[in-house]
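A.B. asks: Input: one structure, supplied below.
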Amino acid sequence: MNFASHTAFSIRNARVVTADQVLTGGIAVSHGHIDDVNSGAATLTGTDWHGDYLLPGLVELHTDNLEKHLMPRPKVSWPVLPAIIAHDAQIACSGITTVLDAIAIGDIDPDSVRTQMMQACVQGLAGARQAGVLRTDHFLHLRLELAEARLLELFTPFLNDERLRLVSLMDHTPGQRQWTDLEHYRVYVTGKRGWTHQKVDQMLEVLSDRQQQYAEQNRAQIVKLCRTQAHGIPLATHDDTTHNHVLEGVRDGVTISEFPTTLAAAQFAHQHGLSIVMGAPNRVRGGSHSGNVSASELARHDLLDIFSSDYVPTSLLHAAFLLQEDGYSLPKAVSTVSLQPARQIGLQDRGQIAHGLRADFIRVRIIEGIPVVMGVWKQGLQIA
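Numbering (this note's numbering), first residue to last: 5 to 388.
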């Protein structure tokens, strides 16, 4: 979508957040890139931002937000293209200029529509991109449920998709990782999915059998496939809970630990060089909705590298600013939603305010203590 032309322009009197400092000054933009970053109120002419923050465009590695637009209410399916356009607009208005749409392959819930939606999502995103109706840059993050019997069949066609930037290895089987506490799982599914206790008992046996039959062999095959790709697909683990979970990831060449559920797992992952991703809603809410370790606690131990908005796009920016309460400087906090995620998936041309990089940036104003997005630019074009 062309909301403006590729013209040269400049911005002044902004609080510019670079990778290592906050300076009062501005930037000059030309041909979609940052030509100059200047300090000093009188250094540049151009649009006066009156002290608003100028931050790099946010980079999102894991959002399920598209699912909410495809199914706005239980058992209500929405047309794919309008759902994608609505999702994209919400992402853009949240300050996100690069997004990895997290699409699940397989599900432990036999009544789930995720697998049915998968192909329509991927094709719909490709069609919307080709038609030029997307505001932000969309890539793919495929979330693989390892206990899915048809996992290899469903995943293999995407191996050479140029949009694929991240693969995460998940096991949501009751008794594993996030659901180590079976009683906690029972409360969750009876409340959210409306399962009876009888159905839970039946499913526990079925899901355990599936996990034992498929998870280990699927994992080995997926890791092998991703390693042998010429461009090397980054791998993430999901819900690491124990040291053994982390060691499995290290063995498999994983570089990201998504949403570790315990402080011990996060510390062990950090010691082994894995980048730790936590949910921004966890930080905004003040804790995990699943009863796991809080993002704030990991940040206070300097263990939080990247935020993901997960299911609330606006939480990404908000959580970054809240990290200042946990001891992060503003540049370090902003890097968790820009520079760090960009580098983790091999994007070297964005993620910070610096000479020569893409002019992906956002205007942010603090209103009643909350950072509010006032404008969004991608490659020098205003998209929101």
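Yeah, the Cβ is synthetic: ideal placement off N, Cα and C, and Gly gets one too. Here the structure is a predicted model, which is why all the values come from computation and not from measurement.
Counting only the same chain and skipping the five closest in sequence on each side, list residues whose C-beta sits under 6 Å from that of valine 341.
C.D. replies: If we look at valine 341 and ignore the five residues flanking it on each side, its Cβ neighbours are Leu62, Phe311, Leu320, Ala324.
A.B. asks: For arginine 404 and aspartate 314, I'd like the C-alpha separation in whole angstroms.
C.D. replies: Lying outside 5 to 388, the shown extent of the chain, residue 404 is not represented and no answer is given.
A.B. asks: Using 10 angstroms around the beta-carbon of aspartate 24, count the other beta-carbons present and answer buried if the total reaches 16, otherwise exposed.
C.D. replies: Under this definition aspartate 24 is an exposed residue.
A.B. asks: Tell me the DSSP secondary structure of glutamine 386 in three-state form.
C.D. replies: It is a strand residue.
A.B. asks: Using the rule of at least 16 other Cβ atoms within 10 Å of the residue's Cβ for burial, across every protein chain shown, is glutamine 352 buried or exposed?
C.D. replies: Flag for glutamine 352 reads exposed.
A.B. asks: Check the Cβ-Cβ distances between glycine 44 and every residue of chain C, and say whether any is below 8 Å.
C.D. replies: The displayed structure is made up of one protein chain only, and chain C is not part of it.
A.B. asks: Would leucine 239 pass as a contact of serine 261 if the rule is Cβ separation under 8 Å?
C.D. replies: No, they are not a contact pair.
A.B. asks: In this structure, how does DSSP classify arginine 231 when only helix, strand and coil are distinguished?
C.D. replies: Arginine 231 falls in the helix class under three-state DSSP.
A.B. asks: Pull up the DSSP beta-bridge partners for methionine 282, would you.
C.D. replies: BP columns for methionine 282 point to Phe311.
A.B. asks: Please look up how many angstroms separate the CB atoms of histidine 142 and aspartate 105, rounded, as I've assumed it's under 8 Å.
C.D. replies: 6 Å between Cβ atoms; contact.
A.B. asks: How is the alpha helix (DSSP H) around valine 84 delimited, first residue to last?
C.D. replies: Looking at the DSSP string, the run of the alpha helix (DSSP H) that includes valine 84 is 84–97.
A.B. asks: Here's a check: name, in chain order, each residue in its chain whose Cβ is nearer than 7 Å to the Cβ of glycine 355, leaving out the five neighbours to either side.
C.D. replies: The answer, listed in chain order, is Pro60, Val63, Ser342, Leu343, Ala346, Arg347.
A.B. asks: Nearest-angstrom Cα distance between serine 81 and alanine 87?
C.D. replies: Looking at the two C-alpha atoms, the distance is approximately 10 Å.
A.B. asks: Which class does arginine 154 belong to by DSSP, given the choice of helix, strand or coil?
C.D. replies: Correct three-state label for arginine 154: coil.
A.B. asks: Which term fits arginine 255, buried or exposed, when burial requires 16 or more other beta carbons within 10 angstroms of its beta carbon?
C.D. replies: Counting Cβ neighbours within 10 Å, arginine 255 comes out exposed, since fewer than 16 surround it.
A.B. asks: Whole angstroms are fine: how far does the CA of isoleucine 237 sit from the CA of arginine 231?
C.D. replies: Roughly 7 Å separates the two Cα atoms.
A.B. asks: Can you tell me whether DSSP reads aspartate 175 as helix, strand or coil?
C.D. replies: Correct three-state label for aspartate 175: coil.
A.B. asks: Helix, strand or coil: how does DSSP classify glutamate 166 here?
C.D. replies: It is coil, neither helix nor strand.
A.B. asks: Would you call threonine 11 buried or exposed, if buried means 16 or more other Cβ atoms sit within 10 Å of its Cβ?
C.D. replies: It is exposed - the Cβ of threonine 11 has fewer than 16 other Cβ atoms within 10 Å.
A.B. asks: In three-state DSSP terms, what is isoleucine 366?
C.D. replies: In the structure shown, isoleucine 366 sits in a strand (DSSP, three-state: E or B).
A.B. asks: Using only CA atoms, which one of Phe272, Pro264, Gly291 lies nearest to valine 281?
C.D. replies: With distances taken between Cα atoms, valine 281 lies closest to Pro264.
A.B. asks: Is the Cβ-Cβ distance between glycine 350 and isoleucine 366 less than 8 Å?
C.D. replies: No, the pair does not count as a contact, with Cβ atoms beyond the cut-off.
A.B. asks: Is serine 1 helix, strand or coil by DSSP?
C.D. replies: Only positions 5 to 388 of the chain appear in this structure, which leaves residue 1 out of reach.
A.B. asks: When DSSP labels each residue in this structure, what does aspartate 24 get in the three-state scheme?
C.D. replies: Coil at aspartate 24, not helix or strand.
A.B. asks: Considering only DSSP beta bridges, list what arginine 354 is partnered with.
C.D. replies: Looking at the DSSP assignment, arginine 354 forms no beta bridge with any residue, so it has no partner.
A.B. asks: If you run the structure through DSSP and keep just helix, strand and coil, what is valine 103?
C.D. replies: Strand.
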